[in-house]
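What follows is a single structure, written as structure tokens, with notes after it.
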Amino acid sequence: MKRGSFGSRLGFILAASGSAVGLGNIWKFPFEVSNGGGAAFLLMYLFFCFILCFPVIVSEIAIGRKTKKNAIGAFNKLNHRKWNFIGKMGVLCGVLILSFYTVVAGWVLGYVIEMVNGNFDISNDFGAYVNDIENVFLYSILFMFFTALIVSKGIEKGIEKAAKILMPSLIGIILVLIIYALTLPNSIDGIIFYLVPDFSQINLNIAGNALGQAFFSLSLGMGMLITYGSYVDDKNNIVNSAALITLADVGIAFLSGLIIFPFVFSSGIETQGGAGLIFEVFPKIFENLGNTTGIIVGSTFFILLSFAAITSTVSLLEVPVSYLVDEYKVDRKYSVWIVAITILIIGIPSALSQGKYVFFSDFITYFGSDQPIDFMQFIIDISNDTLLPFGGFLITIYVSFVWKKQNLSDEISKGYLNYKGSFIEKYINFSITYICPLILGSIFILTFINKFF
Ligand code: PHE
5 MKRGSFGSRL GFILAASGSA VGLGNIWKFP FEVSNGGGAA FLLMYLFFCF ILCFPVIVSE
65 IAIGRKTKKN AIGAFNKLNH RKWNFIGKMG VLCGVLILSF YTVVAGWVLG YVIEMVNGNF
125 DISNDFGAYV NDIENVFLYS ILFMFFTALI VSKGIEKGIE KAAKILMPSL IGIILVLIIY
185 ALTLPNSIDG IIFYLVPDFS QINLNIAGNA LGQAFFSLSL GMGMLITYGS YVDDKNNIVN
245 SAALITLADV GIAFLSGLII FPFVFSSGIE TQGGAGLIFE VFPKIFENLG NTTGIIVGST
305 FFILLSFAAI TSTVSLLEVP VSYLVDEYKV DRKYSVWIVA ITILIIGIPS ALSQGKYVFF
365 SDFITYFGSD QPIDFMQFII DISNDTLLPF GGFLITIYVS FVWKKQNLSD EISKGYLNYK
425 GSFIEKYINF SITYICPLIL GSIFILTFIN KFF
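Laid out in structure tokens, this is it:
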């Protein structure tokens, strides 16, 4: 059976950027920024993305393209079977992320309908909304269904085609919303809050969050880019592609802050700026715009979020699917539906963890803390903030000491003529050998201890 591939360079970049740009950029990034001292967080985040993550992105794509295999098979193909635990960890992590991501995406999809119906009061009932379990399940299943449908059509006809339609629409919607947001009264206060740094807020916790956010947002450290990289041809310039993917991801995160903070500040609504920001505060803001405008802006906003989310869930689903297709020769259609249903089941505790079912909402208490946290947050702590940076750390160790930098350079130079001897080669090699393992390793250990103990 022929293995799929992307039909064009642009297709790959859109699909990989589509994976990167998701709820992480539009829902999580703005409130991380506001909790982390505004622009101070932003600067750290940019540093992590461009200095630390960039060489890891290049490495993942190179491993995938070299081997033309999934996240686990790639290590076997390079004859480093012992190291395939990095891929196994990645697949597990992808499954965990997708299990809660589908729940949140289900809330988003449900909100599209609420906004279309002009039900702005939903903002007061968010707690009840997420505990209306039948409703939540219904929308999560629907979201997973669309995701699986796209993945089942394969790389070029499914994933690439969806990205080519959804990504430009996403950018269009973002631009329209920014222009609208900037015309609102007092929007400038939001911009100031967003962009003027308060360096006194920087501490280890915030640095750990910024690192986790960088990895999560770039879809890095769990083999997604090994998988997508395996569908890329040798003419592709991996370094350029990695740069474009990083720019798209950081750019859209940044732009979504330009929508969100003007909205919040011009509405005058007090907010803690937590995870509920978008669900609890935004409908109120839309309501203030008047019924018709509110319905239009509100549904557009949640459609935007759904588009961003589905190009990410597609990539999350593709990681285990390509593993089954490559290694066990399971038919793509078959494996898509098996994996999708399994992940929906794994997501049930996350869906149930929003308050009504105390077992899941007070799921675990870390050492030295007296606040229990819910099941979904527990999964987020394990996957986003722990497994992803750890995976990135292991990949840099693997590339520099096991696979060897020479092989990385050979692979990159296939699509990048003067790569060898260039400054960028020296930089990438230096970075994956020294900077990344050192910084990733130490931040990982410190935040791990800090978070769980
Ligand atoms: N990057 C996605 C987002 O920001 C989430 C994601 C993580 C997708 C890991 C794939 C792999 O929402």
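In my numbering, the protein residues as written are 5 to 457.
Virtual Cβ for every residue (Gly too), placed ideally from N, Cα, C.
First through last residue of the alpha helix (DSSP H) which encompasses residue i
i	result
residue 176	165-186
residue 464	The question about residue 464 has no answer, for the chain in this structure spans 5 to 457.
residue 93	89-120
residue 397	392-401
residue 54	Note, residue 54: premise wrong, no alpha helix (DSSP H); not H, not E.
residue 63	58-71
residue 156	137-156
residue 437	Counting along the chain, residue 437 falls outside any alpha helix (DSSP H), and DSSP gives it neither H nor E.
residue 244	242-271
residue 332	295-332
residue 190	Taken as a continuous stretch (DSSP letters only), residue 190 belongs to no alpha helix (DSSP H), as it is neither H nor E.
residue 220	208-221
residue 341	336-350
residue 416	409-417
residue 228	228-233
residue 236	Run containing residue 236: none; DSSP gives neither H nor E here.
residue 289	286-292
residue 201	Taken as a continuous stretch (DSSP letters only), residue 201 belongs to no alpha helix (DSSP H), as it is neither H nor E.
residue 19	13-24
residue 37	33-39
Given residue i as reference, the closest of the options once Cα atoms are compared
i	options	result
residue 341	376, 192 and 150	150
residue 215	294, 391 and 114	391
residue 318	8, 19, 206 and 36	19
residue 367	382, 406 and 282	382
residue 396	10, 44 and 60	60
residue 9	136, 326 and 201	326
residue 404	431, 242 and 379	431
residue 456	436, 218 and 209	209
residue 442	418, 406, 184 and 400	400
residue 28	407, 406, 398 and 384	384
residue 257	88, 43, 273 and 434	43
residue 316	192, 23 and 62	23
residue 94	217, 393, 108 and 107	393
residue 153	365, 389 and 344	344
residue 180	72, 86 and 259	259
residue 416	190, 297, 137 and 71	71
residue 271	285, 90 and 261	285
residue 359	440, 221, 134 and 297	134
residue 30	412, 447, 436 and 221	221
residue 25	440, 294, 406 and 248	248
residue 429	412, 198, 445 and 444	412
DSSP beta-bridge partners of residue i
i	result
residue 377	368
Cβ neighbour criterion (16 or more within 10 Å) applied to residue i
i	result
residue 194	buried
residue 475	Residue 475 lies beyond the residue range present for the chain, which begins at 5 and ends at 457; the question has no answer from this structure.
residue 438	exposed
residue 69	buried
residue 269	buried
residue 253	buried
residue 240	buried
residue 115	buried
residue 169	exposed
residue 388	buried
residue 234	buried
residue 117	exposed
residue 238	exposed
residue 378	buried
residue 363	exposed
Closer than 8 Å: residue i CB and nearest the ligand GTP heavy atom
i	result
residue 23	You won't find the ligand GTP in this model; what it holds is the ligand PHE.
Three-pair Cβ contact test at 8 Å for the stretch 147-163 versus the stretch 333-347: yes
Cβ contact check for the stretch 343-352 and the stretch 143-152: 3 or more pairs under 8 Å: yes
Contact the stretch 160-174 vs the stretch 305-324: 3+ CB pairs below 8 Å: yes
Any 3 or more C-beta pairs closer than 8 Å across the stretch 88-98 and the stretch 227-240: yes
Three-pair Cβ contact test at 8 Å for the stretch 361-375 versus the stretch 67-79: no
Three CB pairs or more closer than 8 Å across the stretch 32-51 and the stretch 256-269: yes
Stretch-stretch touch, CB-based, cutoff 8 Å, three pairs: the stretch 293-306 with the stretch 115-125: yes
Segment contact flag, the stretch 242-260 with the stretch 419-427, C-beta cutoff 8 Å, min 3 pairs: yes
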